[in-house]
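Student: Just passing along the structure, written as structure tokens.
Number of protein chains: 2
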Amino acid sequence: MSAVYDRVALIGLGLIAGSMGLAMRQHGLAGEIVGTARSAETRDVAVGLGLCDRVTETAAEAVKDADLVVLAVPVGAMEDVAREIGPYLKPGATVTDVGSVKKHVIDAVSPYLPEGVDFVAGHPLAGTEHSGPHAGFATLFVNRWCLLIPTEGARPEAVARLRALWEGMGAKVDEMDPEHHDLVLAVTSHAPHLIAYTMVGVADDLRRVTDTEVINYSAAGFRDFTRIAASDPTMWRDVFLTNKDATLEILGRFTEELFALQRAIRTGDGQQLFDYFTRTRAIRRGIIEAGQDTEAPDFGRGTTRE
Amino acid sequence: MSAVYDRVALIGLGLIAGSMGLAMRQHGLAGEIVGTARSAETRDVAVGLGLCDRVTETAAEAVKDADLVVLAVPVGAMEDVAREIGPYLKPGATVTDVGSVKKHVIDAVSPYLPEGVDFVAGHPLAGTEHSGPHAGFATLFVNRWCLLIPTEGARPEAVARLRALWEGMGAKVDEMDPEHHDLVLAVTSHAPHLIAYTMVGVADDLRRVTDTEVINYSAAGFRDFTRIAASDPTMWRDVFLTNKDATLEILGRFTEELFALQRAIRTGDGQQLFDYFTRTRAIRRGIIEAGQDTEAPDFGRGTTRE
């Protein structure tokens, strides 16, 4: 495949940017990949692992002459980065990001971008509970969705080119508006993460159930929760603070439903429980049929990692 | 390995009993394995898959001359089975079960067991979201815990023999009293399952987020929840109805914590969120160090299934 961009700048070198670097190199999607991260150690690791061709100390240097700039820092750090790089962006460049929240990022970044630069926000729905430059792998995005949210005024050809990059890395691409994105993700990702964090915290608090027991006897349910609750604390703090309204709305719905099921347990209404559990099974079947997961007990995770 | 029991009767032929049958045959732990299930189709499948040597139409026939009787039916069906088999149990036989709740099962089954029969309740902490005779595999219990709850009067030699069977199938064995078991499992399994069911139900209800979107864009958090929420509805209805007090207590704690985190989101208290998420990460590390899961993105699931 010929390069989609001559030069790509990765701002932040964690799981997502690192995986993008490896995938772009594997498929020859970028002429040169320049990376930067605040920590010198991360920059050294990134070069050592081949996540990018070279690193710079600052984001301002990294974006010089870049055709595509990828903002891959925690959502709460996007505004500072945008302020720093704004004056150094090449005319005609495209700026994108990989944050889990879109309305906030667009509001925070857009004011700093000059005329003639296209901002096409993005969100690859892929990840693991690991973070940092060591966590990346080239096949992370294969058969996963990447949602693109073009901002007002972004040229269609800039959107098409970014789409080609993501498709080149194996992703399926869809477009969405920012408010709808934030609501959908509140349901499918943000609320579930807060719930998992909460349940793991409750287990930790219970003094009658010693830590060793909780750990030794962590059957399927709790074990899966702990994996979710091991995700990067900085990233998730920022997600909840910046997608506040949608997350709180979904959590309100969740609590309402939970109380109804608690009442069914208390009153011994087995039929209500059975019907509810039967209904939720169907969603799982839908996910498997949509190819977002597999029937196999390893969920296909083992097959997408190199 | 020489047989631990001359004849084993499996009452119910789902995921757990089927896996026991395959594991016992693979390791030569039982002279003969007799199985039974209410459905003729299940019995046919079980013989076809080699889960047992032969099947009987009734539980009463299955337990004849059995040295070990394994009750592997939903918790809510245990009492009926005990009533049926009580008169046909061989003197000196051991009765065990594989239910997820222990106090209720012991109370329901014990009254029907004659003198001279040892009841050692059990709970293998292993499973998948699949159910039925097709779901079983011989390595399901390898390196997993099986908790044994000997009832009053059970002879130590009967407990030791059942322990030897589980260890022969690859499990680690621990003993516990029924009340403590039910509390620990409410934390590590029962409450997490109800929470996952609830979250999946909420997603299903939201008309603004179409089904296709919820399914297509089910990122890690929600996708893991759907797997948990795809578990057998009958089994889980019975678990909640029979471990009511401990489950409701843990759910009460959960709601309290969730409200505290919701308030932190609403007031923008990023430090509280960050500290909480950092703490829950440590539990995950503990689980990995305890060998109950792996760092690998497939959780080691792929490595334990044949």
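Protein sequence lines correspond, in order, to chains A and B.
Residue 7 is where the first sequence starts when you use the numbering used here, and the numbers rise one by one after that.
Residue 7 is where the second sequence starts when you use the numbering used here, and the numbers rise one by one after that.
From the three backbone atoms N, C-alpha and C, an ideal C-beta is built for every residue, glycine too.
Answer with buried or exposed for A78/B, where buried requires no fewer than 16 other C-beta atoms within 10 angstroms of its C-beta.
Tutor: Classification of A78/B: buried, given that the 10 Å Cβ count is 16 or more.
Student: Quick one: list the residues of chain B neighbouring M26/A, beta-carbon separation under 7 Å, in chain order.
Tutor: Correct list: empty, because the minimum Cβ distance to chain B is about 17 Å.
Student: Can you check whether the C-beta of S45/A is within less than 9 Å of a C-beta belonging to chain B?
Tutor: Cβ-Cβ to chain B under 9 Å: no for S45/A.
Student: Would W172/A pass as an interface residue toward chain B - the criterion being a Cβ-Cβ separation below 9 Å?
Tutor: No, its Cβ sits nowhere closer than 9 Å to a Cβ of chain B.
Student: Comparing alpha-carbon positions, which option in D73/B, N222/B, L131/B and E181/B lies nearest G105/B?
Tutor: That would be L131/B, whose Cα lies nearest to the Cα of G105/B.
Student: According to DSSP, A36/A sits in a beta bridge with which residue or residues?
Tutor: DSSP output for A36/A lists Y11/A as bridge partner(s).
Student: Assign F147/A to one of three DSSP states: helix, strand, or coil.
Tutor: Coil, per DSSP.
Student: Once DSSP output is grouped into helix, strand and coil, what is the label at A302/B?
Tutor: Because A302/B carries a pLDDT of 46, less than 50, the predicted location of this residue cannot be relied on, and the following value inherits that uncertainty. DSSP places A302/B in coil when its eight states are reduced to three.
Student: Along the chain, which unbroken stretches of the alpha helix (DSSP H) at least 4 residues long are found entirely within the stretch 94-155 of chain B?
Tutor: Those alpha helix (DSSP H) runs which fall completely within the stretch 94-155 of chain B and span 4+ residues are 109-115.
Student: Considering only their Cβ atoms, is the gap separating H136/A from L55/A smaller than 9 Å?
Tutor: Not closer than 9 Å, so no.
Student: How far does the alpha helix (DSSP H) with R243/B in it reach, from first residue to last?
Tutor: Note, R243/B: alpha helix (DSSP H), P239 to T248.
Student: To which residues of the same chain is A36/A closer than 6 Å at the C-beta, ignoring the five residues directly before and after it?
Tutor: Around A36/A: A9, Y11, V14 and M30.
Student: Please check the pair V190/A and Y223/B, which I expect to be a contact at CB under 8 Å, by giving their CB distance rounded to whole angstroms.
Tutor: Yes, they are in contact, since the Cβ atoms of V190/A and Y223/B sit about 6 Å apart, within 8 Å.
Student: Apply the 10 Å Cβ neighbour rule to E312/B and answer buried if 16 or more other Cβ atoms are within range, or exposed otherwise.
Tutor: With a pLDDT of 28 at E312/B, under the threshold of 50, the predicted position of this residue should be treated as unreliable, though the coordinate-derived value follows. Exposed: under 16 other Cβ atoms inside 10 Å.
Student: Look at the alpha carbon of A160/B and the alpha carbon of G174/B, and state the distance between them as a whole number of angstroms.
Tutor: C-alpha separation (whole angstroms): 21 Å.
Student: When you compare the stretch 253-265 of chain A with the stretch 176-188 of chain B, are there three or more beta-carbon pairs, one atom per stretch, that lie closer than 8 Å?
Tutor: The stretch 253-265 of chain A is not in contact with the stretch 176-188 of chain B.
Student: I want to verify the contact list: residues of chain B whose CB lies under 9 Å from the CB of E185/A, in sequence order.
Tutor: What E185/A touches in chain B: nothing, since even the nearest Cβ is about 11 Å away.
Student: Can you give me the C-alpha to C-alpha distance between L267/B and D275/B, rounded to a whole angstrom?
Tutor: So the two alpha carbons sit approximately 9 Å from each other.
Student: Between T64/B and V40/B, how many whole angstroms is the CB-CB distance? I'm expecting something under 8 Å.
Tutor: In fact, because the Cβ distance is near 11 Å, the residues do not count as touching under 8 Å.
Student: Specify the secondary structure class of L57/B as computed by DSSP and reduced to three states.
Tutor: It is coil, neither helix nor strand.
Student: For G207/A, which three-state DSSP category applies?
Tutor: Three-state DSSP puts G207/A in a helix.
Student: Between which two residues does the alpha helix (DSSP H) harbouring G189/A extend?
Tutor: Here the sequence assigns Leu to residue 189/A, which means Gly is not the residue at that position. Start and end: P184 to L191.
Student: Which same chain residues, not among the five before or five after V220/B, have their C-beta less than 7 Å away from its C-beta?
Tutor: Result list for V220/B: A209, in chain order.
Student: On the CB-based measure, 16 or more other CB atoms within 10 Å of its CB, does P80/A come out buried or exposed?
Tutor: Per the 10 Å Cβ criterion, buried.
Student: Quickly, what does DSSP pair E181/B with across the bridge? List them, please.
Tutor: Per DSSP, L154/B.
Student: On the premise that L95/A lies in contact with P117/A, defined as a C-beta separation below 8 Å, what is that separation, rounded to the nearest angstrom?
Tutor: About 13 Å separates the two Cβ atoms, so there is no contact after all.
Student: State buried or exposed for R290/A, treating a residue as buried only when at least 16 other CB atoms are found within 10 Å of its CB.
Tutor: By the neighbour-count rule (16 or more Cβ atoms within 10 Å), R290/A is buried.
Student: Would you kindly work out how many angstroms separate the C-alpha atoms of P198/B and H33/A, rounded to a whole number?
Tutor: Straight-line Cα distance between these residues: approximately 41 Å.
Student: Going by beta-carbon coordinates alone, are K108/B and A83/B separated by less than 9 Å?
Tutor: No, the pair does not count as a contact, with Cβ atoms beyond the cut-off.
Student: So what does DSSP say about T62/B, is it helix, strand or coil?
Tutor: Three-state DSSP puts T62/B in a strand.
Student: Enumerate in chain order the residues of its own chain whose CB-to-CB distance from D244/A is below 6 Å, with the five nearest sequence positions on each side excluded.
Tutor: These residues qualify, in order along the chain: P80, V81 and G82.
Student: What does I17/B pair with, by DSSP beta-bridge criteria?
Tutor: In DSSP, I17/B forms a bridge with T42/B and L77/B.
Student: Would you mind working out which of A144/A, L279/A and R269/A sits nearest G27/A, comparing C-alpha positions?
Tutor: Of A144/A, L279/A and R269/A, the residue nearest in Cα terms is A144/A.
Student: On the three-state DSSP scale, how would you describe D71/B?
Tutor: Coil at D71/B, not helix or strand.
Student: DSSP state of E312/B, grouped into three classes?
Tutor: Unreliable positioning characterises E312/B in this predicted model, as indicated by a pLDDT of 28, which lies under 50. The coordinate reading is nonetheless provided below. The answer is coil: DSSP assigns E312/B none of H, G, I, E or B.
Student: Since I155/A meets chain B, which of its residues come closer than 7 Å, beta carbon to beta carbon?
Tutor: None at all; the shortest Cβ gap to chain B is about 13 Å.
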